[in-house]
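A.B. asks: Numbering (our numbering), first residue to last: 5 to 240.
Ideal Cβ positions, reconstructed from N, Cα and C, are used throughout, including at glycine.
Keep in mind that this is a model prediction, so the values were computed, not measured.
Written as structure tokens, this is what we have:
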């Protein structure tokens, strides 16, 4: 087999593993193993470990893909003339990516990623999220004390609602239950909108961007170290 053929096969297998990883982690969460992903991709376990040294490397690669998708959504929002429409587009589209993706939801609602990967995501996306919030504040379409970190927590709340529905039993006569999170998104959007007359100050100050990402980045402790997967001997 020629070197070019080997490179093409390696690239093809990597792409298959990335696609399979997204599907497996979305359905089963991050406790799924690299072996599970290899089986779903239809490749050998050895092939999977040649492309990704461990499960965390695969999760990082998937997170990079998802960050690119979020970056595109944010840039689309920032290109819009109407600041309110931009805010809604960002929240609707980003939640549509996350809310039915169990693995991504775990990352956003407390499952730890490797700190360097979190920092990369923060540096790439946080300025854009803050800009969406800033434009909406400047246009007077959201409260003067609303911040970009508020938008992140709003999404975490909606994702938690989505997880309750997704992981629960099927609700009879409600084929729209999977979209229930959107009801509460709009309840929260109404809460961001300035009311007529004086708006009561919020009882707790928003976290700064740095504080939010310190919280989400978090140290690896005994309680959450499982999120980093097994060691080399365990081969997740």
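(1) Can you have a look at residue 60 and say buried or exposed, based on whether 16 or more other CB atoms are within 10 angstroms of its CB?
(2) Tell me the residue span of the alpha helix (DSSP H) that contains residue 170.
(3) Hey, is the stretch 36-54 in contact with the stretch 17-26, meaning 3+ C-beta pairs nearer than 8 Å?
(4) Would you be able to state if there are at least three C-beta pairs under 8 Å between the stretch 207-223 and the stretch 174-194?
(5) Measure how close the beta-carbons of residue 17 and residue 55 come, nearest whole angstrom, since I'm counting them as under 8 Å.
(6) If you scan the stretch 32-87 from start to end, which runs of the alpha helix (DSSP H) of 4 or more residues do you find wholly inside it?
(7) Distance, Cα to Cα, residue 70 vs residue 97?
(8) With DSSP collapsed to three states, give me the class of residue 174.
(9) So, are the CB atoms of residue 91 and residue 137 less than 9 Å apart?
(10) Check each candidate in 50, 19, 216, 12 and name the one with the smallest Cα separation from residue 155.
(11) Ends of the alpha helix (DSSP H) at residue 136?
(12) DSSP on residue 20, reduced to helix/strand/coil?
(13) Shortest alpha-carbon distance to residue 110 belongs to which of 183, 146, 29?
(14) Under the three-state reduction of DSSP, which class applies to residue 204: helix, strand or coil?
(15) So, do the stretch 80-87 and the stretch 131-149 have three or more beta carbon pairs nearer to each other than 8 Å?
(16) What are the boundary residues of the alpha helix (DSSP H) that residue 191 is part of?
(17) Classify residue 211 as helix, strand or coil using the three-state DSSP reduction.
(18) Quick one: what's got a C-beta closer than 7 Å to residue 220's C-beta in the same chain, skipping five residues either side?
C.D. replies: The relevant details are as follows:
(1) Counting from one through the chain shown, the residue named residue 60 turns up at place 56. So residue 60 counts as buried.
(2) Here the question's residue 170 lines up with position 166 in the chain shown. Start and end: 152-171.
(3) yes
(4) no
(5) Taking the first residue of the chain shown as 1, we reach residue 17 at position 13. Taking the first residue of the chain shown as 1, we reach residue 55 at position 51. About 6 Å; that satisfies the 8 Å criterion.
(6) 38-45, 49-55, 59-82
(7) Walking along the chain shown from the start, residue 70 turns up at place 66. Walking along the chain shown from the start, residue 97 turns up at place 93. So the two alpha carbons sit approximately 12 Å from each other.
(8) On the chain shown, position 170 is the one that residue 174 refers to. It is coil, neither helix nor strand.
(9) For the purposes of this step, residue 91 is taken as residue 87 along the chain shown, with counting starting at 1. For the purposes of this step, residue 137 is taken as residue 133 along the chain shown, with counting starting at 1. For residue 91 and residue 137, yes; Cβs fall inside 9 Å.
(10) Stepping through the chain shown from its first residue, residue 155 is reached at position 151. Measuring from the Cα of residue 155, the nearest candidate turns out to be 216.
(11) The residue given as residue 136 occupies position 132 in the chain shown. 119-142 is the extent of the alpha helix (DSSP H) around residue 136.
(12) Within the chain shown, the letter at position 16 stands for residue 20. Reduced to three states, the DSSP call for residue 20 is helix.
(13) One-based indexing of the chain shown puts residue 110 at position 106. Selected option, being the one with the closest Cα: 29.
(14) Locating residue 204 in the chain shown gives position 200, where the first residue counts as 1. The answer is coil: DSSP assigns residue 204 none of H, G, I, E or B.
(15) yes
(16) By 1-based counting over the chain shown, the position of residue 191 is 187. That run of the alpha helix (DSSP H) goes 184-196.
(17) Locating residue 211 in the chain shown gives position 207, counting from the first residue. Looking at residue 211 - three-state DSSP - the assignment turns out to be coil, as it is neither helix nor strand.
(18) Within the chain shown, numbered from 1, the residue matching residue 220 stands at position 216. For residue 220, where only same-chain residues beyond five positions count, the Cβ hits under 7 Å are 122.
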